[in-house]
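See structure below.
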Amino acid sequence: MVTSINSRARRVEILLNMMRPERMQRILKILPIAVFVCSGMPIELAAAPDLSGTWDNGSGIDFINPTREGESICLMGCDPLPAAPAANAPAANPPRPIPKPDRPAYRPEFQDKVRDMETRQVYADPVIRCLPPGVPRIGPPDKIVQAATEIIFLYDDVSGNFFRVIPLDGRPHRDDVEASFLGDAIGWWEGNTLVVETVNFNEDTWLTDDGAFHTADLKVVERLDLDDDKLQWRATAYDPAALAEPWELRPRTAVRAESEILEAPLCLERDLEHVIDETHHDNPR
Amino acid sequence: MSGALVSRLLYRLLLFVCMAVLAPGLPAHHSVAGMFDMSKEIEWTGVISKIDWINPHTYIYLDVTDADGSTVTWQLSTAPTAMLRKAGLTKAMLMGDGAKVTITGLLARDGTKHLGWINKISYPDGHFYQFARSPR
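Protein chains in written order, with my numbering: chain U, 4 to 288; chain S, 965 to 1100.
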């Protein structure tokens, strides 16, 4: 009992000692620093933005800019609208200039192959033959499902639906899988930017729509940011065996889509037997 | 330089300029100019009887009835369904209500009969779906 009373008295003494003016001044001095340190850590951990959602990147083709006027829809080559839309009609998109083709530069020893692939691009295009487009040709994801330890990219593309499961838990690239069309990806956060690094590609895909080939040494780094609720996608292709320098694609912006992605219709090539020459045009994607 | 040679060179230059002007109006799949005659636009009137809702190109079947009453089905391809869907188009919207539609487009260059490309479909009530720039 005596011990207990003594103990309580000791605690009161300590408390009174802490509340002495000079002690309180010292505590007040370090209080803001303590609050900053303690509150800053959880804020930093929760900083990764949520990229989840369905994203519309304009079909991935810069010159496809659908416009609507009443029930009419125009994908390309749209004339100026004949009359001012009614007050309650959806606003038509303004016409956009057609950008120049975005292509990588190749090492000198590949110039003959560059010319050959550019000439034969219609016949050689893997996507016209319904093969997966590869990365970065596939562009920004059409849908993102984000979790703490992985992020999943889903695509609804011309040659089918595709997915990429991208671990975010710090693991290295796998060494137990075959080279593939979409490669082996890992991801991490750099501040608010999601960085996705992909390697282990096969050589059956192109970097662009118009014959930009690559080797199996290709590495693609994509960077995704949220800016004013728009998804900003940038990608750089590194392939020193073929490219004269790393190729940074033209950035793309995707907005939140109004509709969900769907199961892609079957891809059935039935045109090439009717193509009579190598006429083509450059695709600005 | 002979007059014939000059006019041939001028013709080639004109052809090149025409192709350069038309090219940006083509869809992503750059096989169109190699497959269809870009120099003139054709017009068909008929009823859409079937749609192959596929990639890389959508195929629309148009039943066209001649003056003598015989009906021919044209196979007309256009942009990928992937692009049509993202523009908000559906197979049902393209089918319409079974009424006659007017389609403008291009003929196959390899001479295959009743094969063409669709630039634009116009419906009786005036609304339309346009997939490519029309040659002028």
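Each residue gets a CB set at the ideal place from its N, CA and C atoms; glycine is no exception.
Residues sharing a beta bridge with residue i, DSSP
| i | result |
| --- | --- |
| W236/U | L227/U, R255/U |
| T1170/S | Residue 1170/S lies beyond the range of chain S shown here (965 to 1100); nothing can be said about it. |
| W58/U | R259/U |
| N164/U | D159/U |
| R71/U | I76/U |
| K222/U | Y241/U |
| E170/U | The question names Glu, but residue 170/U in the sequence shown is Pro. Answer is E153/U, bridged to P170/U. |
| K1014/S | Y1025/S |
| C81/U | Answer is none; C81/U lacks a bridge partner. |
| V1036/S | V1028/S |
| Y1006/S | First, the residue type needs correcting, since residue 1006/S is Ile and not Tyr in the sequence shown. Looking at the DSSP assignment, I1006/S forms a beta bridge with G1069/S. |
| L209/U | The identity of residue 209/U in the sequence shown is Trp, whereas the question assumes Leu. Paired residues: none, contrary to the question. |
| L3/U | Any answer about residue 3/U is impossible in this case: the structure gives chain U only from 4 up to 288. |
Endpoints, beta strand (DSSP E) assigned at residue i
| i | result |
| --- | --- |
| V931/S | In the structure displayed, chain S extends from 965 to 1100; residue 931/S sits before or after that span and is not available. |
| A127/U | Looking at the DSSP string, A127/U is not in any beta strand (DSSP E); the run it does join, the alpha helix (DSSP H), is 124 to 127. |
| V180/U | Neither: V180/U is in no beta strand (DSSP E) and is coded neither H nor E. |
| A318/U | Absent from the model: residue 318/U. The displayed extent of chain U is 4 to 288, so no value can be given. |
| T1068/S | 1065 to 1071 |
| I1082/S | 1079 to 1086 |
| I279/U | No beta strand (DSSP E) holds I279/U; DSSP gives it neither H nor E. |
| F1092/S | 1092 to 1094 |
| T201/U | 196 to 202 |
Partners in chain U for residue i, counting only beta-carbon separations shorter than 7 Å
| i | result |
| --- | --- |
| D1074/S | H277, I279 |
| P1044/S | V161 |
| Y1025/S | Those within 7 Å of Y1025/S in chain U number zero; the least Cβ separation is about 13 Å. |
| W1017/S | P268 |
| S1003/S | Neighbours of S1003/S on chain U: none; closest Cβ ~12 Å, over 7 Å. |
Interface partners of residue i on chain S, CB under 7 Å
| i | result |
| --- | --- |
| T282/U | A997, G998 |
| M120/U | The contacting residues do not exist; M120/U stays about 13 Å from chain S at best. |
Close beta carbons around residue i, own chain, < 8 Å, minus the five adjacent residues each side
| i | result |
| --- | --- |
| G163/U | C133, P135, A267, C270 |
| A127/U | M120, G214 |
| S1013/S | Y1025, L1026, D1027, T1037 |
| V180/U | D187, N203 |
Cβ neighbours of residue i in the same chain (closer than 7 Å, five flanking residues each side left out)
| i | result |
| --- | --- |
| A1046/S | N1019 |
| F113/U | A245 |
| S1098/S | E1005, T1068, N1083, K1084 |
| Q1039/S | Y1023, Y1025, H1078, L1079 |
| W209/U | P129, G137, R140, A215, F216 |
| M999/S | A1072, R1073 |
| I76/U | P69 |
| D159/U | D145, I264, L265, A267 |
| V168/U | E153, I155 |
| H277/U | none |
| S55/U | I147, V148, Q149 |
| Y109/U | V117, A245, L246, A247 |
| T122/U | E281 |
Chain-ordered neighbours of residue i on chain U, where CB pairs are closer than 8 Å
| i | result |
| --- | --- |
| L1079/S | H277 |
| S1098/S | G80 |
Interface residues of chain S facing residue i [CB-CB closer than 9 Å]
| i | result |
| --- | --- |
| S183/U | The premise fails here: S183/U is roughly 21 Å from chain S at the closest Cβ pair, so nothing lies under 9 Å. |
| L265/U | R1049 |
Contact set between residue i and chain U, taken where Cβ atoms lie within less than 9 Å
| i | result |
| --- | --- |
| G1128/S | For residue 1128/S there is no data in the structure shown, the boundaries of chain S being 965 and 1100. |
| A1063/S | Simply none; closest approach about 14 Å. |
| S1041/S | R273, D274 |
Contact set for residue i: own chain, Cβ-Cβ below 6 Å, skip 5 residues either direction
| i | result |
| --- | --- |
| E206/U | A219 |
| I279/U | none |
| N203/U | A182, G186, D187 |
| D1016/S | Y1023 |
| W192/U | A51 |
| N91/U | Caution applies to N91/U, whose pLDDT of 47 falls short of 50 and renders its modelled position unreliable; the model cannot decide the point. |
| T1029/S | T1035 |
| E225/U | V199, A238 |
| P254/U | R237 |
| Y1093/S | I1085 |
| Y1087/S | G1060, V1065 |
| T951/S | Outside the shown range of chain S (965 to 1100) lies residue 951/S, about which nothing can therefore be said. |
Bounding residues of the alpha helix (DSSP H) (the contiguous stretch that carries residue i)
| i | result |
| --- | --- |
| G998/S | 996 to 999 |
| A1056/S | 1055 to 1059 |
Residue i: contacting residues in chain S (beta-carbon distance under 8 Å)
| i | result |
| --- | --- |
| D59/U | K1050 |
| E272/U | P1020 |
Contact test: residue i Cβ vs the ligand PLP heavy atom, cutoff 7 Å
| i | result |
| --- | --- |
| I169/U | The ligand PLP is absent from the structure shown, which contains no ligands of any kind. |
Inset, instruction - Let me know the beta strand (DSSP E) ranges lying completely inside the region 125 to 156 of chain U, each 3 residues or longer, listed in chain order. - result: 146 to 149
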